[in-house]
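Please read the structure below before turning to the comments.
Protein chains in written order, with my numbering: chain V, 641 to 1019; chain G, 92 to 388; chain E, 961 to 1325.
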């Protein structure tokens, strides 16, 4: 007991000294940008495409001479493994490394606990991928989401289902927060609306290969459309197995599945005609051809999910720092709040009061001749 | 219903094939080889490299090519298994059994992230995809590829069962499982038998890896993790150390998952199958076919 | 973290029997005579030294990152100490230990959040819930032996994680966030430095308690069960009850680890309770030296620090980690700092030469 008392006393005595040492950002040298994304574990592929997207923006800006009178940007990528504990370590590491702005955040559950770590040092976070409603609900001033939220994506999905005259749907997620967010919201909206019946609302386990049981459930219910809300690895397999089992209805996937690999895994015949709710991809945007070509040349792989968002996040970070004329966190956060007319891939950036995108910018894509092309801009 | 049964049996035969390797190794040296699932993944990647190396294969020859590649992959994963045993398990024989469990997890990490370092974390698409043609019977759909793979799996399993029951090496394996010291005294070359066990078990996992790649079409560096856990479960449920038990356990687990997913929804599937497994173990504490454990007093 | 070592050391200070935490069962010096080095390792002052290091460290390296890693290490030490009761002392292979951590973290998180209570006040509830969880998991499973027990614990671990993932009360896949911090009588302890010291204090107490438990009458019964269940039964030990006690203690330790974990992250999510986490805690116990609390503390610190130190390898991090694990275990099969208890070898000792150190494991039975 004495020990505990002593410890508590000691704690209060020294914490002042120790925690007072928050570093003021360096005024010269490279500007370090933190990115906490999964580089190991089952989400590692997405971490890689995000890292590449960000690196591309950094290289472009540095090639133009950097910002703030010639200071170069430097990426500091840390592994979160999509695990909240590791993400906290990674975020702390980034803070200790003297990073002045963060452009990471993939798994919502791993991003949430990092918000307050960055916030306590007034480090702005531009979150390119994580999109759970929980993030804006945390109401921290430093967090800005530049990916449409699950609610916005669900709204787009429901709008499209109605437009296509669907009468019944099956919702399938992979039991992770990103994916479940979309199915839950979609289910809610469909139930409130009442014109489309949700026949199946189920989950699969990511990382497996045989989804015949869920396929069987869907086939028995035989809905007009299946909406898969998670990633392309499993999405490709499910599309393939649905078609193999003889399901002939429509299939739609969410933005985590919008990747060339989806078509390869599903097989181009089976993937043909699959819809996707997604922000516009570079391949579907006029004038983004060069971007895709550059990316492919540089990383020897096509851009994946969230490559563009990560690229945008770095550009936005650079713009905000330029506008603030300093790397001081508070000023950069203000600059982000007041930014005007900045062009993202998805259109002109406009934050709402929650610091998420005013409109998610979701469109519907369709697989045509083995490629995702624009189907409906939902305007 | 028939469809559910068939799906369950098909998935179950993959589990069974991988579970065999688990159970063989366990039967002989009482090691839970956590790296076994990753050998399955390695098999799939070796198959991937070999098939890509062969270049474009005309559709008519794809089955032949696949068979050849499967043999290549089985040989290589077999040797990989032997190497793993040599480097990571043999030096620890006679040490506390949990120490070997840790090296097994270490090997598992090394294999997973080694493959990820070479091939990248992105999933790879298998160059050959078995066709989806099939027939409908009793209101269920059976694809020819599924039937072919099931037949191969069953042949491999029964071949192994015969091998263990009928050959002298098989007899030696059973002897070592019973009492390694006495086997040694009886003139059995224990090391060479263990090496063979690892070779066979790993080769079977490699075969399952290639089959999974060709059937599902997509492989990635973590694909062995979940199936490894499932195979472990299957092996224990059947009675770990018992070869027929592993087959039975694998098929049973496949069926449980198929029905659990149907009845309770995918998110509760694993809860359901684990609950049934725990129930089975409470009723039969050494698994379905497991003999009474001889306790040393 | 290191401080907890000191706790186990303190056990020795207070002990009348011998200075070996683990020696209750076996004669201590069957092997070589005690060398000067091992005398140092057994020294009673070592623990105080470790505690001093743990307390001073924040003055030397106090970046948020190092503090965070040290706090993680402290929490991990607590988990490993708890698992050591189950695996190291009693010899029950548990592959789902993280289940108890999940129960603790969720209980604390849910109560603290819904009633706006400081986390400290949730501890009684955590105690009740983890004991319940220990009973529920233990009652049907403890009649099983070795690897059957392993799979059942693994199954329970997965069931608890999946259930947390599927239920609304646990926040589903997103988990619970915004958990109030540790406050005691109005003193805010969430500041990283204070929180670290609070962790060190709590963890020390628990490690000390675990080490003392290991020396108690119950602890000797555990060891007996581990060594030879049938003989223990024959000698009149109620093995089932004794094993259940190990489970319940282990569960509470795990639950406390969960509380600190929830406080540290101010969030709980199912991602944190995957099988890998159980495997890591088990690794800490085995790597450190099963049954020896000092070794386990060391193992837990090693398992936390290694992946952090390997961060710079980025993509190769787990590759290197895996290889290191193999190398360390091949050279130190009995763990970094094994219990000195000498046990005659049994079970399968291999064909060439057998190491004389078949240490603690129930499975040898």
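Don't be surprised by glycine CBs; every beta carbon is placed ideally from N, CA and C.
DSSP places residue 97 (chain G) within a helical segment (H, G or I) once states are collapsed to three. Pairing residue 1202 (chain E) with residue 1193 (chain E), the inter-Cα distance amounts to about 10 Å. By the rule that beta-carbons nearer than 9 Å mark a contact, residue 326 (chain G) does not touch chain V. For the stretch 225-236 of chain G, there are no residues whose beta carbon sits under 7 Å from a beta carbon of chain E. The Cβ neighbour count for residue 880 (chain V), taken over all protein chains shown within 10 Å, is at least 16; the residue is labelled buried.
The Cβ-Cβ distance between residue 108 (chain G) and residue 295 (chain G) falls below 9 Å.
Where residue 784 (chain V) is concerned, the enclosing beta strand (DSSP E) starts and stops at 783-785. Around residue 876 (chain V), the same chain offers 902, 905, 906 as residues with beta carbons nearer than 6 Å, after the five sequence neighbours per side are excluded. In this structure, the beta-carbon distance from residue 1230 (chain E) to residue 1121 (chain E) falls below 9 Å.
Listed along chain E are 1100, each with a C-beta nearer than 7 Å to that of residue 373 (chain G). In this structure, residue 815 (chain V) places its C-beta atom within 9 Å of the C-beta atom of residue 846 (chain V). Proximity of chain G to residue 1183 (chain E) at the Cβ level (cut-off 7 Å) is not reached, the minimal Cβ distance being about 15 Å. Against chain V, the beta carbon of residue 1113 (chain E) has no neighbour under 8 Å; the closest one sits roughly 20 Å away.
The Cβ atoms of residue 1174 (chain E) and residue 1246 (chain E) do not sit closer than 9 Å to each other. For residue 880 (chain V), the chain G residues whose C-beta falls within less than 9 Å of its own C-beta are 220, 223, 307, 308, 309, listed in chain order.
Within 8 Å of the CB of residue 361 (chain G), the CB atoms of chain E belong to 1118, 1119, 1122, in sequence order along the chain. Residue 244 (chain G) places its beta carbon 9 Å or farther from that of residue 305 (chain G). When C-beta atoms of the stretch 935-951 of chain V are compared with those of the stretch 92-99 of chain G, fewer than three pairs fall below 8 Å, so the two segments do not count as touching. Annotated as proximal: residue 1219 (chain E) and residue 1082 (chain E), with beta-carbon spacing under 9 Å. For residue 718 (chain V), the three-state secondary structure derived from DSSP is strand. A straight line joining the alpha-carbon of residue 240 (chain G) with that of residue 221 (chain G) spans about 10 Å.
Scanning its chain for C-beta atoms nearer than 7 Å, with the 5 sequence neighbours on each side dropped, one finds around residue 972 (chain V) the residues 741, 764, 960, 961, 964, in chain order. Contact fails between the stretch 176-194 of chain G and the stretch 666-676 of chain V, because fewer than three Cβ pairs, one in each stretch, are under 8 Å apart. Listed by position along chain G, the residues whose Cβ is nearer than 7 Å to that of residue 1239 (chain E) are 196. Per the Cβ contact rule, the stretch 718-734 of chain V is not in contact with the stretch 703-710 of chain V (fewer than 3 Cβ pairs under 8 Å). DSSP places residue 916 (chain V) in the uninterrupted beta strand (DSSP E) bounded by 915-918. Residue contact check for residue 681 (chain V) against chain G: a CB pair falls below 9 Å. Straight across, the Cα-Cα distance linking residue 710 (chain V) with residue 701 (chain V) is about 10 Å. Taking 9 Å as the cut-off between beta carbons, the residues of the stretch 161-193 of chain G near chain E are 178, 179, 181, 182, 183, 184, 185, 186, 187, 188, 189, 190, 191, 192, 193, in sequence order.
G:316 is the residue among G:377, G:316, G:368, G:351 whose C-alpha sits nearest the C-alpha of residue 124 (chain G). As computed with DSSP, residue 1012 (chain V) is found in a beta bridge with V:1007. Under the 9 Å criterion on CB atoms, residue 214 (chain G) is classed as non-interfacial with respect to chain E.
Beta bridge pairing from DSSP links residue 227 (chain G) with G:232. The stretch 798-841 of chain V contains, as complete beta strand (DSSP E) runs of 3+ residues, the segments 808-813 (chain order). Considering only E:1028, E:1058, E:1026, E:1029, the residue with the shortest C-alpha distance to residue 1040 (chain E) is E:1058. Apart from the 5 residues on each side of it in sequence, residue 333 (chain G) sits with its Cβ closer than 6 Å to the Cβ of 380, 381 in its chain, given in chain order.
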